[in-house]
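These notes concern the structure reproduced below.
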């Protein structure tokens, strides 16, 4: 049986309410769903709760699953939504907090202090574990509205339209928030990336 | 001519996406020719995008050991919840 046929048989079992099919679904897709939830949530406990929510949502809506789609893609969307729902119940940073992280300009349009180039390119920087930790911590510091757009667009690689649909906002709002999120993240990373002066 | 504020605030994201109309693109690139500060900002903005995605990909690799991560207690909770749903 091809993997496509196996998946079709699994979906058939899920639609019949077959308990064994649900166990297969949970065991097969749990690692991928946990990875997504861990990237989005602030703790392991929250990530596991989001995965639990996602499987329950999948169970309830399996009747709406398009047989031509891929289960993994469908479940990815569901766990992203489940994670967002949980994040929204535990909002920590208000939207206004982003202003302090955006570049400032004088009346003539120039920045008061010129930007300095970063010491190394991203590829080199990413080889260092402490830099990867700094980046993840900085993403975590972003105000929630902006962090979720950055997660969906730049990390989970949803399109602007998919992100807009998921968040219930316009495509233009996604673009604006993504640009601000990247600018804010850049501001947070800047002190770690400047050349070391002797 | 485009100033730093306009370049960074209004046009940078579309430039990265290759969506600036030709005239605006010419103006944008002309500003870069004469403004090392905006060149540095552009470079660091691009790096920021790569770092965000790269750190996350690395997180996946670091969790590689857990690639087949199926916590039994979580499976039990989920299957228990589903059986009651």
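Residue numbers (my numbering), protein chains in the order written: chain A, 10 to 207; chain B, 1417 to 1501.
Note that CB positions come from ideal geometry on N, CA and C, so glycine has one too.
Within chain B, no C-beta atom comes less than 7 Å from the C-beta of residue 66 of chain A; the nearest is roughly 10 Å away. For residue 1435 of chain B, the closest Cβ of chain A is not nearer than 7 Å. For residue 148 of chain A, the enclosing alpha helix (DSSP H) covers residues 138-150. For residue 1422 of chain B, the closest C-alpha among the options A:20, A:92 and A:112 is that of A:112. B:1501 is the residue among B:1492, B:1472, B:1490 and B:1501 whose C-alpha sits nearest the C-alpha of residue 69 of chain A. Residue contact with chain B for residue 53 of chain A: absent (no Cβ-Cβ distance below 7 Å to any residue of chain B). Interface annotation, residue 38 of chain A: not in contact with chain B, CB-CB separation never under 7 Å.
Under the 10 Å beta carbon count, residue 49 of chain A is surrounded by 16 or more other beta carbons and is classified as buried.
Between residue 130 of chain A and residue 35 of chain A, the alpha-carbon positions lie close to 40 Å from each other.
Of all residues in the region 177-204 of chain A, the ones placed with a Cβ closer than 8 Å to any Cβ belonging to chain B are 184, 187, 188, 191, 192, 194, 195, 198, 199 and 202, in chain order.
Across the structure, residue 173 of chain A and residue 55 of chain A are spaced so that their CA atoms are roughly 24 Å apart. If you draw a straight line from the Cα of residue 1494 of chain B to the Cα of residue 126 of chain A, it comes to about 49 Å.
Of all alpha-carbon atoms in A:74, A:13, A:47 and A:11, the one lying nearest the alpha-carbon of residue 24 of chain A is that of A:74.
Among the residues facing chain B, residue 118 of chain A is included, as its CB has a counterpart in that chain under 7 Å away. Going by DSSP, residue 78 of chain A is part of no alpha helix (DSSP H) at all; its letter is neither H nor E.
The shortest CA-to-CA distance from residue 97 of chain A to any of A:197, A:165, A:156 and A:189 is the one to A:156.
In summary, the residues of the region 134-166 of chain A whose CB is separated from some CB of chain B by less than 7 Å are 134, 135, 141, 144, 145, 148, 159, 163 and 164, in the order they occur in the chain. Secondary structure in the region 41-122 of chain A: no beta strand (DSSP E) run of 3 residues or longer lies completely within the stretch.
Counting every other CB atom within 10 Å of its CB across the protein chains shown gives residue 1435 of chain B a total below 16, marking it as exposed. Between residue 88 of chain A and chain B, the shortest Cβ-Cβ separation is not below 7 Å.
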